[in-house]
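Q: Provided herewith is a single structure, encoded as structure tokens, for subsequent inquiry.
Numbering (this note's numbering), first residue to last: 60 to 231.
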């Protein structure tokens, strides 16, 4: 005659596939089901002496499985929240750093604009002032060829970029 352990082993072997399918149904994911299935097997075997052979094994195993699924989902939510909290914190720090850097660059640009010659300042104001104007319009207003205005603006923009970079790097 078999002992309780052998009887339990037979019941477990007979219902193992059903239990796995039950977990896949609850979790909707084979990888998660495999992970939880391992936990459920350990719990069932560690508590086999508490199982009453006169009761329904599947019902008992399904309660254990459901409890493990609930624990697994709670753990996943906690980890997801922690990751999302970390991500939000990193994004917030990055946004502050970028805003600070942008403000530094804006202040440096204003100082660099002040150092431009009056003619270069006028060119920047005409091209980027209140009403964005085309190179053709600016060239007509200045009485200069379009290509000359374009090259002059390129030179001024390069000088401004270098000036801003120097000022910002000097502050670091």
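Just so you know, even glycine gets a beta-carbon here, dropped at the ideal spot from N, CA and C.
Considering residue 194, what are the terminal residues of the alpha helix (DSSP H) in which it resides?
A: Counted from its first residue, the chain shown places residue 194 at position 135. Per DSSP, residue 194 belongs to the alpha helix (DSSP H) from 194 to 201.
Q: Tell me whether the region 76 to 96 and the region 136 to 143 touch, counting them as touching only if at least three CB pairs, one residue from each stretch, are closer than 8 Å.
A: They do not touch, by the three-pair rule.
Q: Tell me which residue opens and which closes the alpha helix (DSSP H) that residue 209 is part of.
A: As a working note, residue 209 is residue 150 in the chain shown. Here the alpha helix (DSSP H) through residue 209 covers 205 to 230.
Q: Would residue 128 be called buried (16 or more neighbouring beta carbons within 10 Å of its own) or exposed?
A: The sequence position of residue 128 within the chain shown is 69, counting from 1. With 16 or more Cβ atoms within 10 Å of its Cβ, residue 128 is classed as buried.
Q: How should residue 81 be labelled, buried or exposed, when 16 other C-beta atoms within 10 angstroms of its C-beta is the threshold for buried?
A: Looking up residue 81 in the chain shown gives position 22. When all chains shown are included, residue 81 counts as buried.
Q: For a quick check, are the C-beta atoms of residue 223 and residue 164 less than 8 Å apart?
A: In the chain shown, counting from the first residue as 1, residue 223 sits at position 164. In the chain shown, counting from the first residue as 1, residue 164 sits at position 105. In this structure, residue 164 lies closer than 8 Å to residue 223 by Cβ.
Q: Can you tell me whether residue 151 is helix, strand or coil according to DSSP?
A: Indexing the chain shown from 1 puts residue 151 at position 92. Note: residue 151 maps to helix in three-state DSSP.
Q: Look at the alpha carbon of residue 152 and the alpha carbon of residue 230, and state the distance between them as a whole number of angstroms.
A: The residue labelled residue 152 in the question sits at position 93 within the chain shown. The residue labelled residue 230 in the question sits at position 171 within the chain shown. About 20 Å.
Q: Roughly how many angstroms lie between the CA atoms of residue 160 and residue 98, to the nearest whole one?
A: Residue mapping note: residue 160 aligns to position 101 of the chain shown, counting from 1. Residue mapping note: residue 98 aligns to position 39 of the chain shown, counting from 1. Their Cα atoms are separated by approximately 50 Å.
Q: Can you say whether residue 101 is buried or exposed, counting buried as having 16 or more other CB atoms within 10 angstroms of its CB?
A: Residue 101 sits at position 42 when you count from the first residue of the chain shown. Classification for residue 101: exposed.
Q: Given 8 Å as the limit, is there contact between the region 211 to 222 and the region 168 to 177, that is, 3 or more CB pairs closer than that?
A: Contact between the region 211 to 222 and the region 168 to 177 is present, because at least three Cβ pairs lie under 8 Å.
Q: Count the other CB atoms, across all protein chains shown, that sit within 10 Å of the CB of residue 149; report buried if there are 16 or more and exposed otherwise.
A: Taking the chain shown and counting its residues from 1, one reaches residue 149 at position 90. That one is exposed.
Q: Can you check the region 82 to 114 for any alpha helix (DSSP H) of at least 4 residues that lies completely inside it and give the ranges in chain order?
A: Counting whole runs of 4 or more residues, the region 82 to 114 contains the alpha helix (DSSP H) stretches 89 to 105.
Q: Please classify residue 167: is it buried, with 16 or more other beta-carbons within 10 angstroms of its beta-carbon, or exposed?
A: For the purposes of this step, residue 167 is taken as residue 108 along the chain shown, with counting starting at 1. Per the 10 Å Cβ criterion, buried.
Q: Let's test the definition: count the other Cβ atoms within 10 Å of the Cβ of residue 208 and tell me whether it reaches 16, buried, or not, exposed.
A: One-based indexing of the chain shown puts residue 208 at position 149. The residue in question, residue 208, is buried, as its Cβ has 16 or more Cβ neighbours within 10 Å.
Q: How big is the Cα-Cα spacing for residue 177 and residue 228?
A: For this step, residue 177 is matched to residue 118 along the chain shown. For this step, residue 228 is matched to residue 169 along the chain shown. Roughly 26 Å separates the two Cα atoms.
Q: Reducing DSSP to helix, strand and coil, say where residue 190 ends up.
A: Taking the chain shown and counting its residues from 1, one reaches residue 190 at position 131. Coil.
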